[in-house]
Structure formats: C-alpha cells, structure tokens
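Chains as they are written, first to last, in this note's numbering: chain A, 1464 to 1784; chain B, 218 to 815. What follows is a short report on a single structure.
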Amino acid sequence: MLIYILKRLLIAVPLVFGVLTLTFFITRLAPGDPAAFFIQPGISPNVAEQIRAQYGLNDPVPVQYVKWLANVLQGDFGRSFSRAQQPVFDVIAQALPITVTIAGLTLVANFTIGMLVGIISAVRQNSFLDRFLTVTFLFFYSMPEFWFALMMIILFALKYPLFPASGLNEIGAEGFGPVEFVLDRLWHLVLPLTVLSINGAAGIARYVRGSMLEVIRQDYIRTARAKGLPENVVIFKHALRNALLPVITLMGSSLPFIFSGALFIEVIFAFPGMGRVTVEAIFARDYPLIIASTFVAGSLVVLGNLFADVLYAVADPRIKL
Amino acid sequence: MIDICTKRVYAMFRLAACLMVVLFALSSCNHRNGSQGVVVKGGGAMDSTLVIAMLGDADYLNPVLGSTVTSGNIIGLIYPSLLQSEFDTTTGLLNYMALEKKLREVTPGQGKKDPKGALAKSWTMSEDQRSITYILRNDAFWNDGKRVVSGDFKFSYQLYGNPVIASARQQYLAELIGADKGKVDFDRAILTPDDTTLVFRFYKPVPEHLALYHTSLTPLPAHQWKNVKPDEFRHSPLNLQPLGAGPYKLKSWQQQQEIVLASSRSSNLPKPGTIPLITFRVVPDYTVRLAQLQTGAVDVVEGIKPEDFTRLLKANRQIEIKTVGLRVYDYVGWSNIDQNEYHKSGKIRPHPLFGSARVRLALTEAIDREAIIDGYLGEYGVICNTDISPSLKWACNERLVPHSFDPAAATALLREEGWLPGPDGILQKQGRKFSFVLYTNAGNARRNYASIIIQQNLRSIGIDCKLEVQESNVFFESLQQRKFDAWMAGWSIGLEIDPLDVWGSDLKKSRFNFTGYQNPRIDALCELAKQKMEPTGARAYWLEYQEILHRDQPITFLYWMKETQGFSRRIEGEELNISGTFYNIDDWRLRPSANVAL
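Printed below as a string of structure tokens:
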C-alpha cells in the first residue's frame, strides 16, 4: 500500500503543477490590474507604475512565468499584493485552520445527520416518514447556500436573536475563561455549520439509504433476525457497519465541496478563512495569493481523493491496493 | 471478515472525531494568541467598547502606505497631525488650525474641532508664497516617550517621496523644490533648523490653503523607522506595531477580523480618547452588517441603503440614521469622441451618436432623474447639475436651472439633429440606428435601478439602450482605456476643487477624461482658478465653468447622494462632517447600557 500511496503522490505532483500553471496564465491574461486601486484622481500616475514595477508586472508574461517558476521550485510563492506584502503562506497559515475547522466540523455533522436520516429512511422504506425526510432534505439540498445562510441569519439572528450573525467570537472574548471561550466559539459556529451540513447531509442520506436497503436484503441480516437478535442490534451492528463502507469513499470526495461551500459561508459570516482569502485575492487581482490558494485547494482535493481510496482499503481488507 | 471490516470502520469514525477535537482546539488557540492586553470587565465589555462594522480590513496602519478608508480612519486616531482641519458647512471651505492660529475666522456655530490636537503652534507663509514655516509645540510625545520633532516630518516626507516605497500620497510633494525637475531636493525643500522649526520650500508660489493641505501629511517616528530599508518598508514587521501619539493606540489587530484601539492615557494630542476601547470589526456582507446594527452587536454601520431605513428604524428604536454630504454623484457617461478612430489613428472626431452637445442635452432631458431619486434615494438624493457640489457653497452656481425631464423637447432636439424614427420605431440617421450598450459595474443596486429607468426613458423616445453589467475591475479597466460608448459610474469629489484630470483637453495627460470632452475654455478656467491665492477669488471662474458644463452636457449628471450612516443611540457627542464620519470620534461617549432609553 505504501508503494501505491507514493505512486499516487508522485502522479499528484505534475497534476498540481499543471493546475498552478493554468491558474498563472488565466490570472495574468484575464482583464484587471493589481495596481488599479492606485489609479484615481489625486494619486500621481507614477504610483501605479511603481507598484507594477515592484510586483514585476512590467515583464512579458512568459518572462514572469519563468521567474515565478524559479521561485516556486525553491518553495517561494511570493508575497501578497493586497495584504501588506505578507508572504502568501503566512496569510494562508492564518486562514487555513479556520476553514479546516469549519470543513471538519461540517464533515462530522454532514455524516452524522446524513447517516441518521439515511438509516431512518431505509428502515422505514416508503413510509410517510421516509417520504417526509426525503422531500424535506431535497428541499434544503436544492437551496443555494448563500441564500439559505442569509435566511438563517434573518430568522435566528434578527427575528429570534438566538445566535450571532457574524464573527468567530464575541467582542471582549479574549477575557473569557477557556471553557467560556470555546463555548462562545461553538455558539458562533452554530448557524454556519447548520447551513453547510444540512445541504451536505441530504446527499449523504440518499447514499446511506441506498446502501442500507441493499445490505438489509442480505442473507446474513436475515440470519441475524432469525437468531432472534433485537432489531436495534440487527440494524446498528450488522446492517449499518456494512452499509457504511461505500459512504467512507464519500468522505474524501466531499472535501472539495465542503471547501467551496465554506467560501460563501466565510464571506457571509465574516470568518477570515481560506474562502474569503481566495475571493478577496481574486477581486484584488492578488496573483501570488490566488496561486497559493489554488495550490492549497488543489493539494487538498488530490489528498482527499487519495485519502478516500486508502481509507477504503483500510476499512475493507478485501480490497488490495 | 465482515466483523474485522466493520470494526475498522467504526475505529476510523472515532479517529476522525478525535482529530476534529484537536483541530477545533488548534483554531481556538490560534485566535487567543492574537489578542493581548487589558480586558475591561464588569458592566459587560460592550459598555466600554464602541464597535464599528467595516466592509474590509485596513491595508496598512502606516500613514505613508495606508490607502483604504478604514486605514485612514484608524491612522487618524493613532498618529499625530501637524494641523487640525475642519469643513465649514456655511461656506463650504476647509479651515486649517494650529494651536495658536487659524487659516480663516470661523463662522458662528462652526469650529467645534479642538485645535489642541495639532502639533503646530503656528505657521507663517512667506510673502512670495514660496515657503511656509511651522513652529511646533515642544510638549508632544510618541507613545514610547520620545519627543515629536521637526526631523520626524523631514524623514517622513522622504519616505512619502521615495519611488521604491510608492506612497499613494506622493502627489502632495508636487510643489516642493526639485519636483518640477522630477525629483524633490529634500535638502533644500524641507529645512529643520531646530527641533521645533519646520520649513517647506516650493519651486513656485503656492496658495496658503494648498500649502497647508500639502504640508500636513502625517509623520512617522524617525527613531523607529530609520533603519528600515526602502525596499523592506512595505513588509516591515513595524507596520504591525504602529507607534503613534494620538488619542488611541493599537491594542490588537487580528487581520481580516478586527482591529482594537485602546485610549492612549498619555496622549495630549488633544487628550486620551473618551471611549476606552474602539473595535473595528470586519463584516463583509451588507445584510449581516445591517442585522448586527439591528441586534446591537455593532454601533456604527456606514453606507446604509435608503430602502432599508424604514425597516431598520422600526425594528430597533435605538438606531438613528445620520447623513452627511454631498460628495458623491452618479452620472451617465457619453463618449464625446469616436473612440475607435482615436485608438486607431489618434485623431479626434465626434462620436457618431454622442458627439453633438445637443444630442447629449436631449439625452439628459429624456432621462427622468427625479423618478430615480424618488424611487431609490428619496430625501437622500439631490439633482446634480455639474461636478461642483452644492456643499461647496462658495463655488456652487446656484443660478443653474436643472434640465427638466421633457421627452417632447428631447425628441424635437434629436429631430433637429437629423435623428428620425425608423420603421421599427428606433431613431435613425444616415442609416445608423440610435442603439448602444450602457455599461455599469456589478454589485451596485442603485445603479442597476437607475439604469433600468434610463433604458425605459430612452426607449420611449426611440433610443435602443442595452444594459450590460461588468465585474468592477474589468469595468474600470475598460473605462480607463476609453472602450465604452456609454456607461454609468460615479465620482467622489475632493474638498479642494481640481477637475482638470476629468475634463482637461489633453487626453493623454487627463487620464480620467473618459468621455474625451475637449473645451479650451474649461482648461483655461481651471488654470486661472489655480493661480488665485485665495480660493474664494476663483469663484467667478468656477461659476462660468459650471455654466459651460451645464450647456455642453459632456455627461448626464444624475444625482448627488447623501452618505447615510446608521448609529446606535448609545453613542453621544458624535458630529458628522463632510470630511469624514469619524471626524470627532475621540470626543464620542458611550451611554451605559442601563441608561439607554428604550
């Protein structure tokens, strides 16, 4: 398996590199100017020129590419144009833990809710409850996340002010004790996580339902029932464990979707995570930051897929990689 | 086999759960490390903290580099300033104040700004208007206890003028000795005979008000920055630890989240801020900013849209809307020249549709500007005649009568110009239809609203106007390259009138003359006005300037907008001024929550 992982990682290198090269040319060739902000009355026309010279944007694009390549091969992705010229990885190091936390918690919530709904739907197949859950979840699934988020804010932060509308913590939270601080952080995460997880859970519920229905019809489930085991044990111990196998692969492949969902959520709920970094970098034409964000996102997608494949093999000894 | 497999599955889920707990703890630790210092306890943090919602984070808290509005607001609270300035609403003139001197006498009811915040005791303008000498106070100190001296200014001006640093304020140095030859000669242009004397010398006579404006750039402490090389200036770690002398100092800065300022107990410029803590919180989404103002999570939100006023005030009686203006207007730009021809051969030819002033006048008369104001801005909009704001009372030509909405007159004018209805109802002239695309930038609900009314108005007189919305950066680039025939945009004007960049006939030099409008008389008037040593002396020139623009209609001026800010009623003592919402924020007070009337 180790060889398999190494092979996959080696294949990933040119893949990620290709993505970065594409991003480099797309950003450089798209209209817009990183120095555009400095082109306004009252600001000397020299300023935009000086800024462009500092960023090395006066060179032809192929020359810029060669220079960029030389730096990237040495591990230097450059400094951000729009964020006080911080090294781009410093910007990302501040933002990534926040997004990973949101994505991770969403993943947990997605699977917990999705599995629960999927099991109920499968066990009560074609009942009113099954149909009700299916319709309700599909309703939320088809809702655009940003709109759903705004509706949640209007409902639960404005009409019934139960949760905060934005930010990671309360004003003055630095004075809280550790427990209070963590609770405050969790309280701030309720709305965004609900939005992200209800959307994701709907898809997972469908998978679990399908997988459970298949397993329930297997001989060993009939045997378990025939042995006189209680229904709980049959469902959770014998059926669910086996039904979860295909769901595991979903974990890795759902990572990119959760990251892209976090993008909207971070802008709306004012979380300084990767999503906001990327969106703001795109609007500011902050080329180094766009490329570094793409690198992180691309690597996570590749690793997520690899992780899913490996997990599958680890979970099911019948699969050999 | 199945049992082993299922156990592994469960083990993995357990492992994932543990990982999540670790991650969550990590992200929390990361957050806590960002904060430091005093925490006000008792009575709730909110009672001692003013919370201001902002759209985006500050770029730099360094006056040489900071270029966003947020940066400007915060820098104004942290750093000392040579002079205090104030906008006189009765005359529309800017006044500058040192401790013992004012540029002009204050109209009764004005002059609320305390000159104690100024570093200069007084100034003297030389008779030939070629130099200005400041006498600085000797009791002003940086937060580290070192005295603020004239050398700090000379050092800072060298930074402002350094092309490697590329400060957005280098234009302020344009009159200093050497600037006419392309490089300021700092040894001759700025003299510091002693710690409290500061002399600026110009290569030409400069009006006093302009000299004051251009020499009052915010200083940096030379002793803190002297060892930083220019090419490291933009990313120096010192940018994260601003050393100031103003009423507030930086307590913490969690980038993209919040900036917390604490009242600086040692400040005498003019005094420690009254409110102990001010938090500037980044909330990028408008709806969320509004929700936070409504729930009391933030105290100030700028740029509230008129359509939200009623609901907001009804939902929370502790909110009030304050307005300030008029500095911002929207317009429809018509390309006066044939842009394609200009790009191809550099020749100036009238635009086939908008080249005639009479056609442009007809377009203005065909647009129902009152309907746009009534439908969107209400009492917060005023018809715009030219780019000189009614707030600049000393210069505004109040005799101009706005072109009224008159589709019949517009049709008649167009007929006289040869535009007659074709078989499809669209006007035609020599086989060319009156059809064009009106571009505007994305994400501006007001302009979207206005553009739809404009489209309908023009359609009713037989003009086919298609609408296209572009991403802001792309829109701005196309505008600069003079690619559009027609567009809708806006300007925010400065408080000193200097419109040559927008209307100058030299299209290479006047980078913001997107329409290609050329009128030698406008050029001459702008130059004549600049030569006047006292701004009010140029009034006659500005009146004529406005008459010409009103006649020629190089663009259709739509409306001036009042800027509208939402305030919590727990703030007391705030005075809004056209020069800025936070103009006297160091004097604001917070009513304790228990005393706020419901």
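For glycine and all other residues, C-beta sits at the position ideal for the given N, C-alpha and C.
### Message
Which residues of the segment 440 to 470 of chain B have a Cβ closer than 7 Å to any Cβ of chain A? Give them in chain order.
### Response
451, 452, 456
Could you tell me which uninterrupted beta strand (DSSP E) segments, each at least 3 residues in length, are contained entirely in the segment 396 to 440 of chain B, listed from first to last along the chain?
407 to 411, 414 to 418
* **Helix, strand or coil at residue 1654 of chain A [DSSP, three-state]** => helix
message = Can you confirm whether residue 284 of chain B, when its beta carbon is compared against all beta carbons of chain A, has any partner nearer than 8 Å?
response = yes
Separation of residue 295 of chain B from residue 462 of chain B, as counted between CA atoms: 6 Å
Could you tell me the distance, in whole angstroms, from the CA atom of residue 313 of chain B to the CA atom of residue 692 of chain B? 38 Å
To the nearest angstrom, how far is the alpha carbon of residue 376 of chain B from that of residue 384 of chain B?
8 Å
Problem set entry | Short-range partners of chain B found in the segment 1629 to 1660 of chain A, where Cβ spacing is below 7 Å | 1629, 1630, 1631, 1632, 1634, 1635, 1637, 1638, 1644, 1645, 1648
Subject >> CB contact check: residue 690 of chain B to chain A, cutoff 8 Å >> reply: yes
Residue nearest to residue 305 of chain B in terms of C-alpha spacing, selected from B:324, B:760, B:297: B:324
* By a C-beta neighbour count over all protein chains shown, 10 Å radius and 16 as the cutoff for buried, is residue 1651 of chain A buried or exposed? -> buried
Self-check item: Contact list for residue 1534 of chain A against chain B, beta-carbon separation under 9 Å
Solution: Those do not exist, as residue 1534 of chain A stays about 16 Å from chain B at its closest Cβ, beyond 9 Å.
Practice problem: Would you mind telling me which residues of chain B sit closer than 9 Å to residue 1517 of chain A, beta carbon to beta carbon, in chain order? | Solution: 381, 383, 448, 451
Review point. In chain B, which residues lie less than 7 Å from residue 1693 of chain A when you measure between Cβ atoms?
Key: Those within 7 Å of residue 1693 of chain A in chain B number zero; the least Cβ separation is about 18 Å.
Next item on the list: Look at the alpha carbon of residue 1697 of chain A and the alpha carbon of residue 1678 of chain A, and state the distance between them as a whole number of angstroms.
Entry: 11 Å
For residue 685 of chain B, which residues of its own chain have a beta-carbon under 8 Å away from its beta-carbon, when the five flanking residues on both sides are left out?
-> 654, 655, 656, 657
Within a Cβ cutoff of 8 Å, which residues of the same chain sit near residue 1747 of chain A, ignoring the five residues on either side of it in sequence?
1497, 1500, 1544, 1545
(Q) Please tell me whether residue 504 of chain B has its Cβ less than 8 Å away from any Cβ of chain A. (A) yes
* Between the C-alpha atoms of residue 1510 of chain A and residue 558 of chain B, what's the straight-line distance to the nearest angstrom? -> 29 Å
- Cutoff 8 Å: residue 501 of chain B Cβ touching any chain A Cβ: yes
Notebook entry, point to check: Are the segment 269 to 287 of chain B and the segment 453 to 462 of chain B touching by the rule of at least three beta carbon pairs closer than 8 Å?
Noted result: yes
Starting from the Cα of residue 607 of chain B, find the closest Cα among B:652, B:577, B:575, B:546 and give me that residue.
B:546
- Is residue 1473 of chain A helix, strand or coil by DSSP? helix
Worksheet item: Considering residue 496 of chain B, what are the terminal residues of the beta strand (DSSP E) in which it resides?
Response: 494 to 499
Just to confirm, is the Cβ distance from residue 1667 of chain A to residue 1577 of chain A under 8 Å? yes
Worksheet entry | Coarse secondary structure for residue 638 of chain B, derived from DSSP in three states | strand
- Message: Rounded to whole angstroms, what is the Cα-Cα separation between residue 1475 of chain A and residue 1734 of chain A?
- Response: 30 Å
| query | Using 8 Å as the limit for Cβ to Cβ distance, is residue 1505 of chain A near chain B? | reply | yes
Determine the closest residue to residue 1628 of chain A out of B:322, B:373, B:503, with distance taken between C-alpha atoms.
B:503
**Item:** Rounded C-alpha distance that separates residue 1506 of chain A from residue 1468 of chain A
**Value:** 54 Å
Could you tell me the distance, in whole angstroms, from the CA atom of residue 1524 of chain A to the CA atom of residue 1736 of chain A? 30 Å
Notebook entry, point to check: Looking only at its own chain, which residues have a Cβ that is under 8 Å from the Cβ of residue 1709 of chain A, when we skip the five neighbours before and after it?
Noted result: 1670, 1674
- Per DSSP, which residues does residue 187 of chain B bridge with? Please list them. Outside the shown range of chain B (218 to 815) lies residue 187 of chain B, about which nothing can therefore be said.
Requested in this report: Output, in sequence order along the chain, the residues in the segment 1606 to 1629 of chain A whose CB is closer than 8 Å to any CB in chain B.
Outcome: 1613, 1616, 1617, 1620, 1621, 1624, 1627, 1628, 1629
In chain order, what residues of the same chain have a beta carbon less than 7 Å from the beta carbon of residue 1554 of chain A, not counting five sequence neighbours either side? 1543, 1546, 1740, 1752
Proximity to residue 1662 of chain A [Cα-Cα], best of A:1597, A:1490, A:1584: A:1597
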